[in-house]
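A.B. asks: Handing you this structure, nothing more for now.
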Amino acid sequence: MKNYTHELLSRMSWLVAWLVLFLVLVAVWFHQATQQEEKHSVFKPMQRIQQLKAMRGALEGGTPPAETRAGEIDCEPRGRAVLTIRAMNGLGLDAETAATTLQHIHQQLNFKLRCNEWVENIQSLATYQTKLQTATAGSTFEFDAALSEQVSWERQIPCMYFRSGQTVGLMMGNPIRCSRHRNQTRAGLATTPAGFQAMQQVAKSYLSNAPVQVVQSMNGADHLFTIDPTLQAVMDRWANCLNQKPCEQGPQLRTSRHVSAVMLDVKTGDVLATLCWSGPCDKPQMKSLSHLGALLIEAPPASTAKLLHAMVLAQNGKTDALMLQRQIKTSGQTDQLVSKRNEWWEKKAICEDAPNKPCLHPMQVQSMALAFQWNQNCTGASLFCGRLGLIEQSDSLILSGLIGHARLSASPQKPTTLVSWADYDAIRQGKKRTDGSLNYMNTALAIQSVIGAGDSRTSALGLANLAAQISRLSQGQTIHRPSLIRPWDPRIDNKPPTQAMQAAAQVVLGGMRKVVQPAEIGWKDPGTVANTFQRILGKPCTEECGVWAKTGTVSQQDPNFAGASLFTGVVDVSKVRAWRSNESLSPTSRQIAIGFISIPAKGVKPTHVASELAVQLIKELTDAPLPP
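Take the sequence shown: its position 539, counted from the start at 1, is 676 in the working numbering, and no numbers get skipped.
Structure below.
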């Protein structure tokens, strides 16, 4: 009996020893798997990378020959048409140049490509064109990094959370490692709106297929998906209202064929909610983005572009501040002193008060636009001109939004002597003929920019961002980029703006305050939103009421956006609520920037729908307390 006991104890000891050894080995392996660098888990499609490098080399090898040699690209007629269109759109070429460029590349390659490979590679060349043009000798690495994929099962996925009121939910990441959502009630998370859930899926899909440098930039840290479910529920309900479905609150308008809206947190730059309804939002590519499509739907900025010019005029200090504010208020003037509503602005844009001297204003506005994050990624004929990445710590454009782009001069680095306003206006009216000079071209670009016409573009995101940045600067805070995904603790640069920039923003913000106010002594017209403001909120804004705004309306002459209305503004929720209720101001305050674009239906007399929607939203935001 003793021998059996001894044998059993011996075997059990060996079993325990082997079990301990196994657990130690597993622990060591797990530690190494979670701590080691991820370079070994990166897959590089070397064949495609080499193809792209060769095609890029051929593309940069010189002007395509006027006559092509024998040997055609292996594409059927339909495939060739698709390929030509991709080259036209992506590389900024006309049809003839696109065809000869493709043939030129084909003749210089020492390998054969299938038609689908041609289409994919031309699309990739267009996608990375801007970065390739601005890169140095290390540009070959750009293709390697951009096309590499993380394939390891061992990599640490960043913990991505979202907030619903006071509740934190886990959007993606390892539930064991990600802990911020623990000990949270699930009650608030079960009611997240459908639009919010769809936007989450879009973001997760983009991140799951993100280039390796994007994943590495996030560095496994805690991140926040910034969309606020409570505010997004408002946008979801509005979409139902615009679809003419029964709804308790929200717009009942029947005059629009498209509406897009974006809300931003002024303090953090967080994208809080979006609305993308009808029109371009129904196109397949945009429809796949759900309401996030509002971040990209573009329109001419119209008179909202005057805010950039106003910042320059205020900063220079050569323009009377009260006059500038009144011009912002009514977006021009309509008295006997001028022949056109925009005359004052147009004259300022071309330095009419300093004739026959080089005009610095377009250069200064160009610099101001860059400071406000316009004209990003605009090198060459880029498809991404005006876009900004919305993953805060990454320059990637996989999740991006259109801020805006505008061309103010054909020679942006040099001040130029411009045509007089009278001569330009005479040419515009057909009373004189243009000489086609550079001076005339620069004059036209400057005037088009101040009225937000020509090829200038922005989005609801760009509009909200414009008002948010002016508000931040006026409070002594630096410009901060908007974000859809950011580190849990926002990385906000606390470096204050220059005194001149802050003072300029305060002057411009004063003009934006007047936009919602009635007519005043010495200026006959009310602000462009004043009547709508009084009708919806029940009383006029004759004092500080917590709203600062600017509107724009696209000319009826525009073939694509005729009659489109735009709104940009900032709402101090506590101030508006106190003003509406005649109560004392709450110690807690939340500033929300909003941008609206509305494109009218065909054959409908246009009204300023964007202002109507914006003020209705302000009313709804201030009817009841918002979550912190």
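Positions of the beta carbon are idealized from the N, C-alpha and C atoms, including for glycine.
Source: prediction; values computed, not measured.
(1) Quick one: grab the DSSP three-state call for V556.
(2) Quick one: Cα of I487 to Cα of Q566, how far?
(3) Nearest CA to the CA of G526: which residue from Q188, A218, E681, L432?
(4) Report the rounded CA-to-CA distance for Q606 versus G538, giving the unit in angstroms.
(5) Counting along the chain, where does the beta strand (DSSP E) carrying D402 start and finish?
(6) Do A604 and T759 count as a contact pair if the criterion is CB distance below 8 Å?
(7) Let me check understanding here. Comparing Cα to Cα, which of S718, G430, L230, K742 lies closest to C678?
(8) Quick check on the DSSP output: the alpha helix (DSSP H) that includes G599 runs from which residue to which?
(9) In terms of residues, what are the limits of the beta strand (DSSP E) holding P730?
(10) What are the partner residues of G538, as DSSP defines its beta bridges?
(11) So the candidates are L461, K420, I584; which of them puts its Cα closest to the Cα of P499?
(12) On the premise that V256 lies in contact with L220, defined as a C-beta separation below 8 Å, what is that separation, rounded to the nearest angstrom?
(13) Touching or not, the stretch 451-471 and the stretch 417-436, by the rule of three or more beta carbon pairs under 8 Å?
(14) Pull up the distance between the alpha-carbon of S147 and that of I313, whole angstroms please.
(15) Could you tell me the boundaries of the alpha helix (DSSP H) in which K190 lies?
(16) Which residues in the same chain have their Cβ closer than 7 Å to the Cβ of R206, if we skip the five residues on either side of it in sequence?
(17) Where do the ends of the alpha helix (DSSP H) carrying I755 lie?
(18) Pull the bridge partners of S620 from the DSSP assignment, please.
(19) Taking the straight line between their C-alpha atoms, what separation do you get for V746 and A667?
(20) Using the C-alpha atoms, what's the distance from E749 back to P663?
(21) Residue range of the beta strand (DSSP E) that S301 falls in?
(22) Ends of the alpha helix (DSSP H) at A581?
(23) Determine which residues share a DSSP beta bridge with M309 and list them.
(24) What first and last residue would you give for the alpha helix (DSSP H) that runs through D373?
(25) Measure the Cβ-Cβ separation of S548 and N579 and say whether it is below 8 Å.
(26) Residues in its own chain within less than 6 Å of T456 by CB, not counting five upstream and five downstream?
(27) Would you mind working out which of W511, D562, T571 sits nearest R544, comparing C-alpha positions?
(28) Would you kindly work out how many angstroms separate the C-alpha atoms of F509 and L162, rounded to a whole number?
(29) Rounded to the nearest angstrom, how far is the Cβ of L379 from that of L390, given a contact under 8 Å?
(30) Mind reading off the beta-carbon distance from H617 to G406? Whole number of angstroms is fine, and I expect it under 8 Å.
(31) Rank W482, L474, Q473, H428 by C-alpha distance to the C-alpha of K466 and give the top, closest one.
(32) Take Q530 and list the residues in its own chain whose beta-carbon comes closer than 8 Å to its own, dropping the five residues that flank it on each side.
(33) Is Q464 near the ligand GTP, judged by its Cβ being under 7 Å from some heavy atom?
(34) Using a threshold of 8 Å, state whether the C-beta atoms of P421 and P495 are closer than that.
(35) Could you check what DSSP says for A335 in three-state terms: helix, strand or coil?
(36) In terms of alpha-carbon separation, which member of I755, K739, L754, Q753 lies closest to R394?
C.D. replies: Let me lay it out:
(1) coil
(2) 18 Å
(3) L432
(4) 16 Å
(5) 393-402
(6) no
(7) S718
(8) 597-611
(9) The sequence given here has Ala at residue 730, not Pro. Counting along the chain, the beta strand (DSSP E) containing A730 begins and ends at 728-737.
(10) L525
(11) I584
(12) 5 Å
(13) no
(14) 38 Å
(15) 183-196
(16) Any reading at R206 must be qualified, since the residue scores a pLDDT of 44, below 50, and its modelled position is unreliable; the value itself is stated next. The residues are Q244.
(17) 746-760
(18) D407
(19) 14 Å
(20) 16 Å
(21) 297-301
(22) 575-587
(23) M297
(24) 366-379
(25) yes
(26) L450
(27) W511
(28) 54 Å
(29) 7 Å
(30) 5 Å
(31) W482
(32) S354, M355, R623, P624, R628
(33) By its list of ligands, the structure shown contains no ligand whatsoever, and the ligand GTP lies outside what it can speak to.
(34) no
(35) helix
(36) K739
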